[in-house]
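Residue numbers (the working numbering): 3 to 77.
The beta-carbon is built from N, C-alpha and C at its ideal position, and this holds for glycine as well.
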Amino acid sequence: MFNHQLVTINFLVDDLRFYLEMDKFSSLADSVEAQAAHKMQKAKQVAFLKKKVAIISKLFLNSDIPPKLRVRCWD
């Protein structure tokens, strides 16, 4: 129990990795949005972001390794 929430140790590492990947993704998405205002190769960057979100989903949210959800659900 931490901060009145149950912490599952098995998912703690995955939670951290997921958080770091989502933070990187958010930064990339923000930079793509900023560059779009300057008309800089948006199509390639959007395609890259779509691939990245698919990989994040496959690794953490819909894994081939049981359980499918590899991170703790937040409210």
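CB contact flag (residue i, residue j, <8 Å)
i, j, result
"F27", "V48", "no"
"A38", "K44", "yes"
Among the options, the one whose alpha carbon lies nearest that of residue i
i, options, result
"A34", "E23, F50 and P68", "One detail in the question is off: residue 34 reads as Val in this sequence, not Ala. The option with the nearest alpha carbon to V34 is F50."
"K52", "L18, I67 and M24", "M24"
Neighbourhood of residue i by C-beta, 8 Å cutoff - its chain only, sequence neighbours within 5 removed
i, result
"F13", "R72, V73 and R74"
Same chain, Cβ closer than 6 Å to residue i, five either side skipped, listed in chain order
i, result
"D16", "R72 and V73"
"Q62", "For the record, residue 62 in the displayed sequence is Phe; it is not Gln. Only F20, R72 and V73 meet the Cβ criterion."
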